[in-house]
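Working notes, structure below.
There are 6 protein chains.
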Amino acid sequence: MLTNYPKLTDAEIGSTLSRPLLVSHIEESTDKNGNAYVKVTLKDGFSDVTAVMFSTSTADLEARLIKAGTVVDADLTVSEYQGNKSYKAANLAPAADKQLSVSDFVKLPPVDLEVMYDEIIELLHSAADSCNDTCTPLSDLAIRILTKYKDPYMKSSAAISMHHNLIGGLLYHSYRMVKAADALCGVYTSLDRELLLCGTALHDIGKIWEYDTSETGDAAFTSSGILFGHLYMGASLIKSFTNVKDQAPYHAEKVRLLTHLILSHHGTQEWGAVSCPAIPEALALHYIDNLDARMYMFEEQYETLAAGVFSDKKPFGLENRVYRPKY
Amino acid sequence: MLTNYPKLTDAEIGSTLSRPLLVSHIEESTDKNGNAYVKVTLKDGFSDVTAVMFSTSTADLEARLIKAGTVVDADLTVSEYQGNKSYKAANLAPAADKQLSVSDFVKLPPVDLEVMYDEIIELLHSAADSCNDTCTPLSDLAIRILTKYKDPYMKSSAAISMHHNLIGGLLYHSYRMVKAADALCGVYTSLDRELLLCGTALHDIGKIWEYDTSETGDAAFTSSGILFGHLYMGASLIKSFTNVKDQAPYHAEKVRLLTHLILSHHGTQEWGAVSCPAIPEALALHYIDNLDARMYMFEEQYETLAAGVFSDKKPFGLENRVYRPKY
Amino acid sequence: MLTNYPKLTDAEIGSTLSRPLLVSHIEESTDKNGNAYVKVTLKDGFSDVTAVMFSTSTADLEARLIKAGTVVDADLTVSEYQGNKSYKAANLAPAADKQLSVSDFVKLPPVDLEVMYDEIIELLHSAADSCNDTCTPLSDLAIRILTKYKDPYMKSSAAISMHHNLIGGLLYHSYRMVKAADALCGVYTSLDRELLLCGTALHDIGKIWEYDTSETGDAAFTSSGILFGHLYMGASLIKSFTNVKDQAPYHAEKVRLLTHLILSHHGTQEWGAVSCPAIPEALALHYIDNLDARMYMFEEQYETLAAGVFSDKKPFGLENRVYRPKY
Amino acid sequence: MLTNYPKLTDAEIGSTLSRPLLVSHIEESTDKNGNAYVKVTLKDGFSDVTAVMFSTSTADLEARLIKAGTVVDADLTVSEYQGNKSYKAANLAPAADKQLSVSDFVKLPPVDLEVMYDEIIELLHSAADSCNDTCTPLSDLAIRILTKYKDPYMKSSAAISMHHNLIGGLLYHSYRMVKAADALCGVYTSLDRELLLCGTALHDIGKIWEYDTSETGDAAFTSSGILFGHLYMGASLIKSFTNVKDQAPYHAEKVRLLTHLILSHHGTQEWGAVSCPAIPEALALHYIDNLDARMYMFEEQYETLAAGVFSDKKPFGLENRVYRPKY
Amino acid sequence: MLTNYPKLTDAEIGSTLSRPLLVSHIEESTDKNGNAYVKVTLKDGFSDVTAVMFSTSTADLEARLIKAGTVVDADLTVSEYQGNKSYKAANLAPAADKQLSVSDFVKLPPVDLEVMYDEIIELLHSAADSCNDTCTPLSDLAIRILTKYKDPYMKSSAAISMHHNLIGGLLYHSYRMVKAADALCGVYTSLDRELLLCGTALHDIGKIWEYDTSETGDAAFTSSGILFGHLYMGASLIKSFTNVKDQAPYHAEKVRLLTHLILSHHGTQEWGAVSCPAIPEALALHYIDNLDARMYMFEEQYETLAAGVFSDKKPFGLENRVYRPKY
Amino acid sequence: MLTNYPKLTDAEIGSTLSRPLLVSHIEESTDKNGNAYVKVTLKDGFSDVTAVMFSTSTADLEARLIKAGTVVDADLTVSEYQGNKSYKAANLAPAADKQLSVSDFVKLPPVDLEVMYDEIIELLHSAADSCNDTCTPLSDLAIRILTKYKDPYMKSSAAISMHHNLIGGLLYHSYRMVKAADALCGVYTSLDRELLLCGTALHDIGKIWEYDTSETGDAAFTSSGILFGHLYMGASLIKSFTNVKDQAPYHAEKVRLLTHLILSHHGTQEWGAVSCPAIPEALALHYIDNLDARMYMFEEQYETLAAGVFSDKKPFGLENRVYRPKY
């Protein structure tokens, strides 16, 4: 993300912003009077806006080498319409600074993707149960899966809605959960740390096939997501990895329990659990998942709330408006 | 089932019944005064009772060659205790009629097991889509599964509770559903008959591993049932059957949809669906399943209700007391 | 419905459609600048659109013999506004083809109304129980009601929302349910076929008074619908028909049960049942009703969905997005 | 009710009570050892107990002229069994005091039945709208119904459970509701007093057919109660009374609204309303109904609670344990 | 409220209204073309509208001495936009009639504020329990609170939504509830009248701090409202008033019960009760509260409904559309 | 707890246990035949049983210096009755070992009470925010409360049911939650550690007045618990502590937020929250509370479950039966 330009969210009504932006979507429209115009979605790496361009067309823009995925220089004028900001874009041209690429304009989690991935792997290694040499540890299974699917695991969004709709969302969510699980194992010492860490790392792995995450971070359901859901697909993945050659078999009971953790992490049938938590690690996973999702929602609200102020509405997924303390 | 003896349910308070019965369970107890006695569970093929035997012990009975699974001649005296029938057993001895076997005392569905199984297979054959010779029909997949698991499919109970707790319960439930699906395809002609018939035949196949059904028809959860549920296990079974050698692959889209039918047949998340019905065949399966289960409940109530009378209570799973019409 | 013209739903953005259409509604408005314009709702027998006409007024149109109910020739230009199609109408004139009438532009069920009505009557006849000559069969009662109310029974919509909002909706819904009931009686042979067929034919008869269905198929609640609901009005109707001269009385117990079927067909209090199903025919009716309503919803979705694609949203009344298989 | 004897509820463990009691039920049983004994239910007009009589039989009691409905003198010994009082009856004989009758032993409301009935009729008279001489007032309709059904209206219980299970329960419930409605009309002056008083007086009239109330005050469902419910039966009753000869017709709109009040008085579909309150009188009726039912529950609890003490359990129908203030 | 001018709600589309109005809010905006315009919210004492003023700015209006809180003469032109009324304002100038003040344009309850306040105080006095001279009556406590907080108690709105969003809303709501409580104590004579009257008068006192009610009657949550809710704040207020010098202490048990009434008046946890009603006065308060709130909703609907007509929608908080009887 | 004797739970049917036990309750009864007997509740520090003593009375035991609270030597014979263990006690006498006291027979948490208390205080100290010297830290407030109420805070049970019904239950619950909060603050670094630690330490402080915990660890509701609930009482306690002399005032905003944490820790209104979580610390507290309560439930189940086995029933508060892994 580029930090040497004013952010889109900081632009005041009445001002004009000139800076490089990513074109993530273009749509041609006709106004009431039958005149063509174009709507472009522009991203700065923190948020996005959709702006109107009059007297132009998709074809015209393409002739100027501008399409979805192009980094452009643009002038963006902010006005107000029915209580909200409204944007007009003008003077679009491929960005003069050729160093800039799509990745400079895509929102990312606050921790580096590789750092998070490596820390997860390391924690899994540290949790591996020796199995008394009669079997291969569950952690090895988890690491083998994360090694094979490293790329989609690092890129996938963690949710369809705007809230976690970002490249690396799945990884960031999993990362903080693995760390929270590790911290809680220090308090609840009877929990099986290897099982819980594998469970937190892999609980949402099925989302790799449930969502299609675009290069710019937009997620959409797949037909497999509609037909099967990520719990089933995640559990199926574990099953397909359990038969391996040239090594002792994985700890069979732990593989069953990891499967149970994935199937039950939504907690209750009402919330979509395939089976409900039957062991403490499954319930701990469920609460850690809920806690992390809601911590993220608060953090998002705090990005725009001033001290001593509360949000206009109760955000979806929370039970009250969000208040930001005065200090 | 033996029909030439008075039924257990017909025995009046104050009377004594002498007939062959199956001992399905024996439990030794001590009364308040410290005297040992024995409780035996006895079955006649329609229902079962637990009777008290005073002044005896498990060891004593074993010495007389009586244990769980033995067919005995017995005298059963019916008294009344706190509003319910109470039973005393006496004079137990291995049955004089050596022709009698366990299967004479186990409750079975009203249609012969083999007849039902064969009719399901035949209907699946009749529904097979030719696939334009480029693939192997879905019906073949269903038949292959039912062939391999014929034995447990015919024996398994369909539920843990008393209601469908009988040998052949799963088969009887599936059989009537396949026939109802076939009948409805004549009305809703745009439904994919092959898909719906395969779905009704296999929707509860996972119950083979969810329950342990004993020789005498008692069902109990397995740990896999607790940890995974039959929807996941049924869908996993489909997956494990899809790779076959020496034949054209199964119709891939239909295999996906059959998997969806199994995962979604509980209709809503609240009722335990893994994903919710996204195609009409999935919804039809859900209603056919509900209808058949409740028809069974009504039939059970009608076994003991007289004309013009209603049940004492709203049976679990129904929304009102059950009324039996006067005609 | 006319099939030799392009459908409204097929018109592309940017194109102009010229064809005969039914004017179903006219509304005069003023724009922000105080200029009058007119909004006309136009139907082609499959769907409807509301188009803008600038520089005209209701009075002006009336002078040209155009009002609600007129069949016109029109030019309809399709543009795009805020992601949706937007329509401008021009050159309206009474249709040149004088053969065209309102009924050519009204959406109807896929089966002929008279055919459906006759088939229901015939099935009711076939189900009549002889009553041992001591009473008049229940089927006669049902037929007498359907004979008296044939006209509204054939015309009424089956629901207020867009989904079943069509002339003949009640009839089409009842027709398929009677046929489904008949088919299921072949599987569940202990069901009283006469009772269930009468129940499916008459379960929604109260909707005749619950809704006002206009000539063009639009339904609206009546005040009786608000104050009483169609279950009470349907059951009251049965009662008012039970006293007849010059014939043996109807089978009294069956009349009670038919009344119960109507009062209980919503299944649970939560869904508006006056009493809950106490006999298997009542529960079967409830499931057949639900199944038919949802089959209709799927069919509606499939009208516009391509193979391999799923709907943008979960339709109201279903539990998931709708998927259309690839084959 | 007799007040010159100790009450059943006041008898202490270890004591023996000798007094006249009503035999309301006799049941013969056999103990574990096969000996016959008899259980008799005895009432004192405030509550009832079931006592054991050893070494006797139904036949033996009949020979001594004792059966259900007989007033007897009896000795009742109170012991304790598993934390509850347990009773032994002995020395039963037809009561020496021949003045005593069944009605002396039946629980009644705290206000005289005739007084309540008369006050309801008087309030209905006072509320009659003159109708401008063009119609017969709604109050007349209500009074005509209450005149015809005076006897069952005065005797019927208002509920099946123990809570309102008494002779005159329906009347007492209606009486206090009519008075509460009258009081509230003084505050909410725009309410139609005639409509609301008729509605409170008649809202539960259908219970006359929903329950069978025995001479001793026990209520049981009828099959009509199961199949139709009292809302439908009450509304049907109104309909059957609306056509009268030799008088101006009843105010048609008010008759519709009274029907609506009866159909909607359960407030929401979830609680069994046939339609939901659409006018303020319907909603007022609903709250008055709920308030009176719960006031009764508190009064029942207070009969046995000491000051400063709270009930052991949350009574069914209330949301908390019941507390009795210290003063 | 001024009654000698046409009401805002009576203005027809196409007409222009010229009358004095209160400016309650001004907001500057920019249209799509970048031109500034102003939106002003205008009140007539019955309702409010937001009108557009073209070619002006906040600064321009201020120069003409017009800002929020100014009474102006204005011309208001009503047009129609997307099915709703749309307003243009012009010729605004400080009102010529200098007698007019803000209070002439603010909606008030139908009963005078001082009259209601005095009647509440009087009823509380009349209900005071003598306490046998050993304590100070609870009524004195209630009166002391209402004396200290007379001003906000008389001004505060009773709800955030449009429904009770008016100056004096809290007082009007409390007033009618105190009167309804008084009326019901005449029927349910065992209720503690002092306790219930104090409870109805004070149950929503915490709303004084939960909402910010502006001079013109608009209510908004405070941060204390978000963090604590009015139940806790009301109960805390009672506590802070219980220690007084130079008088006998308040009746301690009644103070506890009054606190309970405030904490429990939402009836169930689901509706936000802190504890649930444990005494009959608490439950009576809950129903009186619900009844009054819904009577207000019906009255609001009836302001605009014609006889024999029902509302377009089910209003929020009611269970059905609202019907206005024909008479 | 004494570890050199066989536990009550280990006693087999048919055996007799002789050991010192605590008499926690004595109740005199009469059997069916009118003979007096006594039921004594006996505790060993891990669980308790209720045993029958024939041919004795309370008076007789008192004469032998045995009453509730006495440590006795006893012979306890275990038999079986209706599937459960049944106990007969005999030969009771004041314990020969005079070193034994009540505290030797009361179940306690697995961590020493003083150790837990000290660790909580220490963590609160470590979290104290310096407040920039302008105010007194929130931690000081929490510590002052815990200092004043140290005794009840250490003794109180945390719940009425059997699950946390032990001396020190509140302390153990708070202790693990403070530690879990501390651990999670290392992962979610933007959380206010001082606020969350104070919140976890004090969230259930109101239970001190909600329950009466007996010397032997039995908890019962108080009338204040019924009327107010522990959330209100806990928040009130904070308020009463906020005014202090001779020191800078506590950080006002943090005091408000701590109050909010206590009022909102049940998460949703449905679960009894007075207000719902508006800041992340409040939501974190809610999840930590839920997690700890359920971890305790699993631990309790594991006390009696063997490896590879699942519980007979779904325990109250959990969503599935509990499974104990095989390893």
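Protein chains in written order, with the working numbering: chain U, 1 to 327; chain Z, 328 to 654; chain H, 655 to 981; chain F, 982 to 1308; chain E, 1309 to 1635; chain V, 1636 to 1962. The beta-carbon is built from N, C-alpha and C at its ideal position, and this holds for glycine as well.
- With distances taken between CA atoms, G186/U lies nearest to A1815/V out of Y1823/V, V1822/V, A1815/V.
- I26/U sits in a strand when the DSSP states are folded into three classes.
- Contact note: I880/H reaches chain E through F1618, N1628, R1629, Y1631, using a C-beta cutoff of 8 Å and chain order.
- Contact between Y559/Z and L263/U holds, with the beta-carbon distance rounding to 6 Å and staying under 8 Å.
- Interface flag for E734/H against chain U is set, since a Cβ pair is found closer than 7 Å.
- In the pairwise beta carbon analysis, the segment 1357-1366 of chain E is classified as not touching the segment 1419-1427 of chain E: fewer than three pairs are separated by under 8 Å.
- Identification of chain Z residues near H260/U by a Cβ-Cβ cut-off of 9 Å yields I553, L554, F555, ordered along the chain.
- With fewer than three CB-CB distances shorter than 8 Å, the segment 634-644 of chain Z does not count as touching the segment 715-735 of chain H.
- Apart from sequence neighbours up to five positions away, the residues of its chain that approach T216/U with a beta-carbon distance below 6 Å are S24, V106, ordered along the chain.
- Along the segment 657-684 of chain H, the positions whose C-beta sits under 9 Å from a C-beta of chain E are E681, E682, S683, T684, read in chain order.
- Straight-line spacing of the CA atoms in L850/H and C525/Z works out to 28 Å.
- Within the DSSP bridge table, the entry for V1021/F names I1007/F, A1032/F as partners.
- Assignment of beta-bridge partners to A1074/F by DSSP yields D1054/F.
- Counting only runs of 4 or more residues that sit fully inside the segment 1907-1949 of chain V, the alpha helix (DSSP H) segments are 1915-1937, in chain order.
- Nearest neighbour of S1204/F by Cα position, chosen from I821/H, H914/H, S757/H, turns out to be H914/H.
- The beta carbon of V756/H lies closer than 8 Å to those of L676, G723, V725, E869, T870 in the same chain, with the five residues before and after it left out.
- A residue is called buried once 16 or more other Cβ atoms fall within 10 Å of its Cβ, and S1761/V, having fewer, is exposed.
- The Cβ neighbour count for N1065/F, taken over all protein chains shown within 10 Å, is under 16; the residue is labelled exposed.
- Taken in chain order, the unbroken stretches of alpha helix (DSSP H) that lie wholly in the segment 813-874 of chain H and span 4 residues or more are 823-839, 847-856, 861-864.
- The C-beta of G926/H comes closer than 7 Å to at least one C-beta of chain F.
- Residue-level contact check: F1624/E does not touch chain F, since none of the beta carbons of chain F fall below 7 Å from its beta carbon.
- Setting aside the 5 residues that flank it on each side, F310/U is surrounded in the same chain by R321, Y323, each with a C-beta closer than 6 Å to its C-beta; the list follows chain order.
- By the rule that beta-carbons nearer than 7 Å mark a contact, A1818/V touches chain U.
- Against L237/U, chain Z offers no close residue; the least beta-carbon distance is about 11 Å (beta-carbon pairs closer than 7 Å).
- The three-state secondary structure of T997/F, taken from DSSP, is strand.
- The beta carbons of K1842/V and S1875/V sit no closer together than 7 Å.
- For T1037/F, the secondary structure class from DSSP, reduced to helix, strand or coil, is coil.
- Below 8 Å, enough C-beta pairs join the segment 1913-1928 of chain V and the segment 286-298 of chain U to call them touching: three or more.
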